[in-house]
Amino acid sequence: MDGNSAVGEAAIRAGCQCYFGYPITPQNELTEYMATHLSRRKGCTFIQAESEVAAINMVYGASLVGARAMTSSSSPGISLKQEGISYLAACELPAVIVNMSRGG
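Note that the sequence shown covers residues 7 to 110 in the working numbering.
Right, here's the structure in full:
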């Protein structure tokens, strides 16, 4: 099992209900894992968003209604999510945001 798959499996076991992501290396495998495994679970949602901004705002919306929501990206993508992350923080809403990095 690689790191991306381990993160995905841990999120599912911890009760992740929604994953919203946009493909960007090096976290593509996490998105693929969630598409394959999370979407099989009853009551769970996987959406490949049209942008990083859309993905974080989907997390914001899901968290507002009480869902356990997650997104992931790499550093350039995380920087695009700043505004949505600030909304989550201002409203004191829980969310899992993974910043996946390449190994040295």
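For glycine and all other residues, C-beta sits at the position ideal for the given N, C-alpha and C.
- Using a Cβ-Cβ cut-off of 8 Å, state whether Y25 counts as contacting chain B. Absent from the structure is chain B; it holds one protein chain and no more.
With which residues is G27 paired in a DSSP beta bridge?
Residue numbering aside, residue 27 sits at position 21 when the sequence shown is read from its first letter. Partner(s): Q54.
Simplified DSSP state of M40, which is helix, strand or coil
Sequence index remark: in the sequence shown, residue 40 carries index 34 (1-based). Helix at M40.
- Query: Can the beta-carbon of I18 be found less than 8 Å from the beta-carbon of L44?
  - Reply: Within the sequence shown, numbered from 1, the residue matching residue 18 stands at position 12. Within the sequence shown, numbered from 1, the residue matching residue 44 stands at position 38. For the pair I18 and L44, the CB atoms are nearer than the 8 Å cut-off.
- Task: Using beta-carbon positions only, say whether P105 and S80 come within less than 8 Å of one another.
- Result: Here residue 105 refers to the residue found at position 99 of the sequence shown. Here residue 80 refers to the residue found at position 74 of the sequence shown. For the sequence presented, residue 105 should be read as Asn rather than Pro. Yes; because the gap between Cβ atoms is below 8 Å, this pair is in contact.
*asked:* Could you check whether G27 and A55 sit closer than 8 Å to each other, using their CB atoms as the reference points?
replied: Translated into the one-based positions of the sequence shown, residue 55 becomes position 49. Translated into the one-based positions of the sequence shown, residue 27 becomes position 21. For A55 and G27, yes; Cβs fall inside 8 Å.
Bridge partners of N105, per DSSP? What you label residue 105 is simply residue 99 of the sequence shown in a count that begins at 1. The secondary-structure analysis by DSSP pairs N105 across a beta bridge with S79.
(message) In whole angstroms, give me the CA-to-CA distance for E38 and A96.
(response) Against the sequence shown, residue 38 aligns to sequence position 32. Against the sequence shown, residue 96 aligns to sequence position 90. For E38 and A96, the distance between alpha carbons rounds to 31 Å.
Tell me the rounded alpha-carbon separation between S11 and A101.
Counted from its first residue, the sequence shown places residue 11 at position 5. Counted from its first residue, the sequence shown places residue 101 at position 95. Separation of S11 and A101 (C-alpha to C-alpha, rounded to the nearest whole angstrom) is 19 Å.
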